[in-house]
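See structure below.
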Amino acid sequence: MSGKVLVTGATGFVGRQVLRALAKQGLPTRVVIRDGTDARLEAVQGLDRVMTTVDLFTENAQWWANVCDGIDTIIHAAWYAEPGQYLHSPKNMDCLLGTLQMARGAVMAGVRRVVGLGTCLEYDVRQGMLTVETPLNPGTPYAGAKVAAYTALASWLPTQGVEFAWCRLFYLYGEGEDERRLVPYLRAKLVVGEPAELTSGNQIRDFLDVQEAGRMIVSVALGARQGAVNICSGVPITVRDFAHTIAEELGRQDLLRFAARPESVIDPPCVVGVR
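When you line the sequence shown up against our numbering, it's residues 285 to 559, in that order.
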């Protein structure tokens, strides 16, 4: 694949790593970002054009067709993802509708391949070890909107001659992570010598560095695989052991306070991906 790549959400936690991985491949890249976020956009090799909009999820199919002119592959990383809000936010419906308009515009522009980003929460997480064959059973508006996007695009884009892949992300951490998430919270507390309050930490998860996730997403985009793909480490680890790993780097395992927070009744005991 030698044509241009369009990336949405290129200033975000995952999108930034996707953009870097594309630059390492030397591919010409176009991005769509929100007005006023130019300063957050990294200057990387191969950046073709920067398209701005007040809200990409409100744009219609014709706008997207114009933006996608000359584009070979789309990596759609944009979605509402504010910690503590995104799981149940009505903005997920806006993201869903906007994504479908983007897909219509992509078809109008003759885009060859579309890659979207989903979530492991689309699955029936009661299954524990999750393959791409695991039944879907979204439990939140966020996961439900992702499933709806996946289902619609997987059934329609191929009929229009467009390849489609859907990368389901597991538990990402790393550079650029929101301070309200687990790893930044731990580091912030331990660095200043304050206790970090956690649940029991017995939950089993699949953690993956976001830089590796970006590389894996680009590998999918440049490949021929279609349908759902798990973006995961495939390695089960308890939250307790993962927290100890972070604390050990800082020499402050003594500050971990497990069972200081109540368990969530909806938190699944095991969520691990199978590649």
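All C-beta atoms in this analysis are idealised placements derived from N, C-alpha and C, irrespective of residue type, glycine included.
Bounding residues of the beta strand (DSSP E) (the contiguous stretch that carries residue i)
i	result
A512	511 to 515
G557	554 to 557
L402	The residue you asked about is not Leu; residue 402 is Gly in the sequence shown. Note, G402: beta strand (DSSP E), 397 to 403.
Where the alpha helix (DSSP H) containing residue i begins and where it ends
i	result
I530	523 to 534
R388	375 to 393
V289	That residue, V289, is in no alpha helix (DSSP H); its beta strand (DSSP E) goes 288 to 292.
Residue i burial status per 10 Å Cβ neighbour count (16 or more: buried)
i	result
L472	Looking at the sequence shown, residue 472 is not Leu but Ala. Result: exposed.
I501	buried
D462	exposed
Q329	exposed
K308	exposed
R536	buried
A327	exposed
S439	exposed
E459	exposed
H360	buried
G296	buried
R410	exposed
R314	buried
Where residue i falls: helix, strand or coil (DSSP)
i	result
L474	helix
D322	helix
I501	helix
V409	helix
A544	coil
W363	coil
L506	helix
L437	helix
E496	helix
L466	helix
V298	coil
Y370	coil
V431	helix
Residue i - partner residues in DSSP beta bridges
i	result
I488	T522, C554
Y455	F491
E481	R541
E447	R397
L420	Y407
L414	G557
TODO: Go through the segment 301 to 359 residue by residue and report every complete run of the alpha helix (DSSP H) that reaches 4 residues or more, in order.
DONE: Residue ranges of uninterrupted alpha helix (DSSP H) with 4 or more members, entirely inside the segment 301 to 359 and ordered along the chain, are 345 to 351.
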